[in-house]
Amino acid sequence: MVERGILSRYDFRRPGVKLMYGLVILIIALMVVSMLYPIFVTLFNGLKTNAAVNSFPPTFFPDGWHWRNYREGWQFFDMPLYLRNTLLIFGGNAMVIFVVLGAAAFSLSHLRVPYKRAVTTFFLMTLFIPPTTYIIPNFVNIKELGLMNSFWAFWLPAGANAFYLLLLKTFMDGIHHELFEAARMDGASDWRCFSRIALPLSVPIYSTLAIFIFSTAWNDWFWPSLIMHKSTMYPLSTAIYKYVIGARQLDLNIRFAILSIVMIPPIAVFLLFQRFIMRGLQLGSVKG
């Protein structure tokens, strides 16, 4: 027997259903093409000569594969330094979110916290506030704390992400209370219940958060541009904006090669771990 989907074979016998189904497939195909086109343009332009990139009418495929563009792009500026800064930001953000927000989600889910519902509602209400409104208060706080040109300017705000708290709390709500009650009967403290029971059981949602945290640390350039005034402290995205996008004497093919190098890691991470993203979102979704 063939498993039935949203539409059965009997539904496809109706002309209106066939028409709408074909229209939906066409819209999805156009969306896929519109998303993949800039990616392939960047990759192919990074393999062309500078004259081919500036030619008119432009060509989509390169006439030759000039791999030396990537070597010149890698040597154009100190990419390993900025890559290290980006990985430090990602590692610190992940550690703060895993410990601070994980403990907060565990407390709101399984501990007797005063005004638990009010605290949860307050954090959820912050999701409706545009993130751009946080920039000035966060900048003032970071400056008054003396954390300018410091990675702590990234790590501390990471511990107040309401969306990640929502995912963690909703996931931990699904862990049975009997596990923690049995552990407490054996003399386990609340911290031991969190570190020895809740954390291992929350590996799926933590894997999903790690991918989101990596994507944010890799792509964010505006906030680092505000708080990082030393060139040696720039993450990769800020360095690309300042030294590549705004460069006047850099050939376009080398510029596209640099952008291709920067673009490949997040795409590879998503393709390798996309099943964890979908599974984590399903596990962290609101349960009925």
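Going by the numbering used here, the sequence shown opens with residue 339, and the numbers climb by one from there.
Virtual Cβ for every residue (Gly too), placed ideally from N, Cα, C.
Which of helix, strand or coil DSSP assigns to residue i
i           : result
residue 527 : coil
residue 487 : coil
residue 495 : helix
residue 346 : coil
residue 609 : helix
residue 363 : helix
residue 566 : coil
residue 450 : coil
residue 626 : Only weak support is given to the placement of residue 626: the predicted model assigns it a pLDDT of 36, under 50, and the question is left unresolved by the model.
residue 578 : helix
residue 585 : coil
residue 573 : coil
residue 604 : helix
residue 599 : helix
Residues of its chain near residue i, where Cβ-Cβ distance is below 6 Å and the 5 sequence neighbours each way are ignored
i           : result
residue 562 : 573 and 576
residue 383 : 391 and 594
is_contact[residue i, chain C] using C-beta, thresh 9 Å
i           : result
residue 446 : Among the protein chains of the structure shown there is no chain C, as only one such chain exists.
Own chain partners of residue i with C-beta closer than 7 Å, once the 5 adjacent residues on each side are dropped
i           : result
residue 613 : none
residue 445 : 451
residue 503 : 439, 442, 443 and 461
Alpha-carbon spacing of residue i relative to residue j, whole angstroms
i           : j           : result
residue 536 : residue 607 : 26 Å
residue 371 : residue 526 : 55 Å
residue 571 : residue 453 : 41 Å
residue 335 : residue 400 : Because residue 335 is not part of the residues shown, which for the chain are 339 to 626, the question remains open.
residue 420 : residue 412 : 12 Å
residue 485 : residue 474 : 15 Å
residue 381 : residue 598 : 6 Å
residue 602 : residue 583 : 18 Å
residue 476 : residue 425 : 22 Å
Cβ-based neighbour list, residue i, same chain, cut-off 8 Å, excluding 5 preceding and 5 following
i           : result
residue 440 : 506, 532, 536, 537, 540 and 544
residue 431 : 492, 493, 496, 551, 554 and 555
Buried versus exposed call for residue i [16 or more other C-beta atoms within 10 Å across all chains shown]
i           : result
residue 397 : exposed
residue 514 : exposed
residue 358 : exposed
residue 459 : exposed
residue 386 : buried
residue 509 : buried
residue 523 : exposed
residue 566 : buried
Report task. Return the chain-ordered ranges of every alpha helix (DSSP H) run that is complete within the segment 505-559 and spans a minimum of 4 residues. Result -> 515-523, 528-531 and 541-557
**Report entry** In chain order, each beta strand (DSSP E) run of at least 3 residues that lies wholly inside the segment 378-447
**Finding:** none
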